[in-house]
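Protein chains in written order, with our numbering: chain A, 37 to 264; chain B, 37 to 264. Note that beta-carbon positions come from the ideal geometry of N, C-alpha and C, so glycine has one too. For clarity, every value in this text was computed on a predicted model and none was experimentally measured. Accompanying notes for the structure given below.
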Ligand SMILES: Nc1ncnc2c1ncn2[C@@H]1O[C@H](COP(=O)(O)OP(=O)(O)OP(=O)(O)O)[C@@H](O)[C@H]1O
Ligand SMILES: Nc1ncnc2c1ncn2[C@@H]1O[C@H](COP(=O)(O)OP(=O)(O)OP(=O)(O)O)[C@@H](O)[C@H]1O
Ligand SMILES: [Mg+2]
Ligand SMILES: [Mg+2]
């Protein structure tokens, strides 16, 4: 479902030109569970944004579900994201003064889903990440770091995505809560969804079936691993 | 140097009343190296903010270097922070459009240090966290997550603090970079500085000499540990 061919990304700002990806090529089939690892600054989040159609490569081709994303206009890209992708950002990207509930329904707010159905799906996602119900009316800036992270994960699930891209989804979670999040991802993968997650923790990467290592904007290793 | 007596913290917002700390008591001597661990939402960051004089307890007493912080006015609290505390926030709290350099000199910008000395100290701190010099002119929102984390750590060191409070300082770092940050903290501790860090990673906590565990706003364990 994911076909990356020779992806390059150059950020070009004042005093900030960086060759973040230098020719990255790989294919991820539907239903796979892959972990991306690598040093800080090696290009993992940059790659993830391209995979999630949130950014475009400087050169190279990216095909998602057979479609070359370079041929889609902004409207079509937004539609692809809305219907098929769930994205968990490294910095969560929640609306700080909106409530947990409001944040989680955001991706399906302007779809043809009726309000009760939206709230039901948000509640289901929040329950799946084990966020205490009394926190659902807090503003997202009235939560702990790990609670915000779980809200970000719940939000990524509410549009029923076939592709889940999670950037360091357990970075702010204690080991027990992190384990339960990985069990959730395993269940979602069993349902046939494709999961790609970035992590720096070997215990988390061990739960994936394949590890892609990135170094200085290039893939240094791409291997299937035996189940932990 | 840190004396916490029966600290309680109740957040009281609309629909957001939470008893985050329920009576926390402990003492940390000058020069100690302690790790705080506990489940997501258990009160760790809340406690850290009180220790760093960024927040006040609802009830209970907090003495820093012998002074009861409840008796200090806002001006005196700011002065205590500026002269003795280095704080690394869980969400970094950098100024996104300011450069790395600008962000790191912030804590000493209005002190009697001259501009070259400020820049020298910022460069020293950035070198200590191994942030590539060509990144120093990037705006902080033009960095990877782990690079932002290292800028936040560098910023916490530039005022030469005797107390360093770090909230999940390695959460976005690969294992190798995280290890080098822990070696930096060990060196700073050897220089006599007091270090308290929050972490959910056992390998990181193992580098501290004492582990304080928090659960539901109470201390569940407080023990010295043998060196790893
Ligand atoms: N501004 C606020 N208003 C209401 N409740 C809050 C506020 N900030 C934090 N809380 C609540 O206080 C409790 C403790 O939060 P705290 O941030 O101290 O947890 P933590 O141990 O640091 O968690 P984590 O490991 O997830 O970062 C949580 O249940 C949280 O929801
Ligand atoms: N807007 C930007 N402008 C210039 N350079 C950027 C920008 N965003 C990221 N970079 C640079 O691109 C490189 C790759 O960044 P990226 O965020 O993909 O790394 P990463 O592998 O996710 O790192 P981490 O593990 O620290 O999160 C880094 O060196 C970073 O400084
Ligand atoms: Mg990243
Ligand atoms: Mg916290």
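Beta-carbon proximity check, residue i vs residue j, cutoff 8 angstroms
i	j	result
residue 231 of chain B	residue 224 of chain B	yes
residue 130 of chain A	residue 84 of chain A	no
residue 259 of chain A	residue 243 of chain A	no
residue 310 of chain B	residue 123 of chain B	As shown, chain B starts at 37 and ends at 264. That puts residue 310 of chain B outside it, with no answer to give.
residue 41 of chain B	residue 96 of chain B	yes
residue 198 of chain A	residue 120 of chain A	yes
residue 209 of chain A	residue 253 of chain A	no
residue 137 of chain B	residue 173 of chain B	yes
residue 255 of chain A	residue 249 of chain A	yes
residue 73 of chain A	residue 187 of chain A	no
residue 133 of chain A	residue 175 of chain A	yes
residue 93 of chain A	residue 86 of chain A	yes
residue 82 of chain A	residue 45 of chain A	yes
residue 48 of chain A	residue 125 of chain A	no
residue 165 of chain B	residue 189 of chain B	yes
residue 65 of chain A	residue 37 of chain A	yes
residue 195 of chain B	residue 118 of chain B	yes
residue 245 of chain B	residue 39 of chain B	no
residue 28 of chain A	residue 207 of chain B	Beyond the ends of chain A as shown, which are 37 and 264, falls residue 28 of chain A; an answer cannot be given.
residue 116 of chain A	residue 110 of chain A	no
residue 236 of chain B	residue 135 of chain A	no
residue 113 of chain A	residue 161 of chain A	no
Where residue i sits in the DSSP three-state scheme
i	result
residue 245 of chain A	coil
residue 97 of chain B	strand
residue 202 of chain B	strand
residue 82 of chain B	helix
residue 38 of chain A	strand
residue 209 of chain A	coil
residue 62 of chain B	strand
residue 235 of chain A	coil
residue 128 of chain A	coil
residue 122 of chain A	strand
residue 265 of chain A	The question about residue 265 of chain A has no answer, for chain A in this structure spans 37 to 264.
residue 168 of chain A	coil
residue 92 of chain A	coil
residue 108 of chain A	coil
residue 194 of chain B	coil
residue 77 of chain A	coil
residue 264 of chain B	Since pLDDT at residue 264 of chain B reaches only 49, below the 50 mark, its modelled position is unreliable, and no value is offered.
residue 216 of chain A	helix
residue 159 of chain A	helix
DSSP bridge partner residues for residue i (one or two, in chain order)
i	result
residue 189 of chain B	None, per the DSSP bridge assignment.
residue 57 of chain B	B/45
residue 148 of chain B	The partner list for residue 148 of chain B (beta bridge, DSSP) is empty, contrary to what the question assumes.
residue 259 of chain B	B/247
residue 175 of chain B	B/135
residue 254 of chain B	B/251
residue 69 of chain B	B/231
residue 221 of chain B	In DSSP, residue 221 of chain B forms no bridge with anything.
residue 103 of chain A	A/100
7 angstroms Cβ cut-off: residues of chain C touching residue i
i	result
residue 211 of chain B	Among the protein chains of the structure shown, namely A and B, there is no chain C.
Q | the segment 133-142 of chain A contacting the segment 154-162 of chain A, beta-carbon criterion three pairs below 8 angstroms | A | As far as the Cβ criterion goes, the segment 133-142 of chain A touches the segment 154-162 of chain A, which means the pair count is three or higher.
Q: Count the C-beta pairs between the segment 209-217 of chain A and the segment 56-69 of chain A that are closer than 8 angstroms, then say yes if the count reaches three, no if not.
A: no
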